[in-house]
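Read in the working numbering, the sequence shown has 244 at position 241, and its numbers run on one by one without any break. Have a look at the structure below, then the notes.
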Amino acid sequence: MKANIVLLPGDGIGPEVVSEAVRVLDVIAQKYGHAFEFTKRLMGGCSIDAQGSSLTDETLKACQQSDAVLLGAVGGPKWDDPKAKDRPERGLLALRKGLQVSANLRPVKVHPALIDASPLKPEKLQGVDIIVVRELTGGLYFGAKKREVVDGHDTAIDTLEYHDYEVQRVVELAFQLAATRRKKVTSVDKANVLESSRLWRQVATSIGKEHGDFTLEHMLVDTASMRLMTSPASFDVLVTENMFGDILTDEASVLAGSMGMLPSASLGSGGPGLYEPIHGSAPDIAGKGIANPIGTILSAALLLRYSLKLGREAQAIEKAVEAVITDGCRTADLGGTLPTTVMTDEILKRLA
Ligand code: IPM
Ligand code: MG
Numbered sequence: 004m005k006a007n008i009v010l011l012p013g014d015g016i017g018p019e020v021v022s023e024a025v026r027v028l029d030v031i032a033q034k035y036g037h038a039f040e041f042t043k044r045l046m047g048g049c050s051i052d053a054q055g056s057s058l059t060d061e062t063l064k065a066c067q068q069s070d071a072v073l074l075g076a077v078g079g080p081k082w083d084d085p086k087a088k089d090r091p092e093r094g095l096l097a098l099r100k101g102l103q104v105s106a107n108l109r110p111v112k113v114h115p116a117l118i119d120a121s122p123l124k125p126e127k128l129q130g131v132d133i134i135v136v137r138e139l140t141g142g143l144y145f146g147a148k149k150r151e152v153v154d155g156h157d158t159a160i161d162t163l164e165y166h167d168y169e170v171q172r173v174v175e176l177a178f179q180l181a182a183t184r185r186k187k188v189t190s191v192d193k194a195n196v197l198e199s200s201r202l203w204r205q206v207a208t209s210i211g212k213e214h215g216d217f218t219l220e221h222m223l224v225d226t227a228s229m230r231l232m233t234s235p236a237s238f239d240v241l242v243t244e245n246m247f248g249d250i251l252t253d254e255a256s257v258l259a260g261s262m263g264m265l266p267s268a269s270l271g272s273g274g275p276g277l278y279e280p281i282h283g284s285a286p287d288i289a290g291k292g293i294a295n296p297i298g299t300i301l302s303a304a305l306l307l308r309y310s311l312k313l314g315r316e317a318q319a320i321e322k323a324v325e326a327v328i329t330d331g332c333r334t335a336d337l338g339g340t341l342p343t344t345v346m347t348d349e350i351l352k353r354l355a
């Protein structure tokens, strides 16, 4: 098949890990007879520097017209000025909104050989296999914001707003995913305090009623953050609001031994998907060639599965990644010494 993939390497280690994922996709294309065409564009801090905007209209349009978008990471100390008009993160949020990718899938699986890389007790990590579905285009991230002076005090307002249809589509997706797994959905909210969470729970409950043979569990976000550490294997699909999902997925990444391992897929209603590792731009190790490329390589696998419907090819990549970990290949984040490119070489050997 033919596919047009936009690459947004971004900042920090982004370019280093995206180029590794492209090497893997090139091998897949060759092996299975596909033609992937890559278009590289600037987004994030590098785009502010070169084009005066973290996301230009042209870049957004190119992404919208593509089959899928593969992103590295954005941000860094250079663009951290709180007074700046534009920030790398603004580009990322505008891209998510512009592509209407309202659900962000973050699978968290513990590879048996990486159990020691996690600070949790090994027995807690047995059988951990979670998909977090994070709502991505609503909630606190996109509500009205304001800065004003009230009675002489600097005052800031962020708004947490949800419409029923926004909750509905993401919870429905969670059930669809659970149908192919253990048929358990945990809907995470703060319904004891927040009105938006009471709406969330109401919508989730009514969708749950249409799925009688599933287990739907409601959990408060503070409890969920504890349970992710005390009984992570009890989760199957966890669905939640944008900000809660941001926080809980960083926490859940501890289970997998390193954030560097974890991919994500952002999906909407039929348009191009957006694929990115969950880690950030890691400016402290940028340019050193030691970043773990696996999060981005697994994101490329999700791209094949969800956007291009190439499940067999996606699985081939996932199997090759599992094999390198089983065989003891480790980048620095996993306590090893393998450079980024050598880790990819090892994956490619096992793809062949
Ligand atoms: C993530 C990141 C982003 C987010 C930042 C960079 C805006 O933390 O993808 O989890 O908060 O969504
Ligand atoms: Mg985050």
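From the three backbone atoms N, C-alpha and C, an ideal C-beta is built for every residue, glycine too.
Heavy atom of ligand 1 within 7 Å of residue 2 beta-carbon: The structure shown does not extend to residue 2, since the chain is modelled only from 4 through 355, so no value can be given for it.
Enclosing alpha helix (DSSP H) for residue 154 [first to last residue]: Residue 154 -> no alpha helix (DSSP H), and no H or E assigned at all.
Unbroken beta strand (DSSP E) run spanning residue 44, endpoints: Looking at the DSSP string, residue 44 is not in any beta strand (DSSP E), and its letter there is neither H nor E.
Buried/exposed call for residue 299, threshold 16 Cβ in 10 Å: buried
Which of helix, strand or coil DSSP assigns to residue 245: helix
Residue nearest to residue 69 in terms of C-alpha spacing, selected from 9, 54, 122, 89: 9
Cβ-heavy atom distance, residue 83 to ligand 2, below 7 Å: no
Sheet register partners of residue 188 (DSSP bridge): 219, 240
Where the alpha helix (DSSP H) containing residue 65 begins and where it ends: 60–67
C-alpha gap between residue 191 and residue 254, whole angstroms: 14 Å
Residue 249 beta carbon near ligand 1 (any heavy atom closer than 7 Å): yes
Within the stretch 114–174, ranges of the beta strand (DSSP E) (whole runs, at least 3 residues): 132–138, 148–153, 156–161
Residue 269 - partner residues in DSSP beta bridges: 107, 277
For residue 326 and residue 181, the rounded distance between their alpha carbons: 26 Å
At least 3 beta-carbon pairs within less than 8 Å: the stretch 206–217 vs the stretch 165–180: yes
Per DSSP, cross-strand counterpart(s) of residue 7: 40
Check whether residue 108 and residue 323 have beta carbons under 8 Å apart: no
Residues bridged to residue 76 (per DSSP): 13
Beta-carbon spacing of residue 337, residue 120 below 8 Å: yes
Straight-line Cα distance separating residue 118 from residue 158: 45 Å
Beta-carbon proximity of residue 199 to residue 169, cut-off 8 Å: no
C-alpha gap between residue 115 and residue 26, whole angstroms: 27 Å
Per DSSP, cross-strand counterpart(s) of residue 112: 132
Straight-line Cα distance separating residue 339 from residue 146: 42 Å
Residue 14 beta carbon near ligand 2 (any heavy atom closer than 7 Å): no
Straight-line gap, residue 7 to residue 102 (C-alpha atoms, nearest Å): 15 Å
N- and C-terminal bounds of the alpha helix (DSSP H) containing residue 228: 224–233
C-beta atoms of residue 277 and residue 99 nearer than 8 Å: yes
Close beta carbons around residue 23, own chain, < 8 Å, minus the five adjacent residues each side: 296, 299, 300, 343, 344, 346, 347
Cβ separation of residue 271 and residue 104, assumed to be a contact under 8 Å, to the nearest whole Å: 4 Å
Per-residue burial, residue 18 [other beta carbons within 10 Å of its own, 16 or more giving buried]: buried
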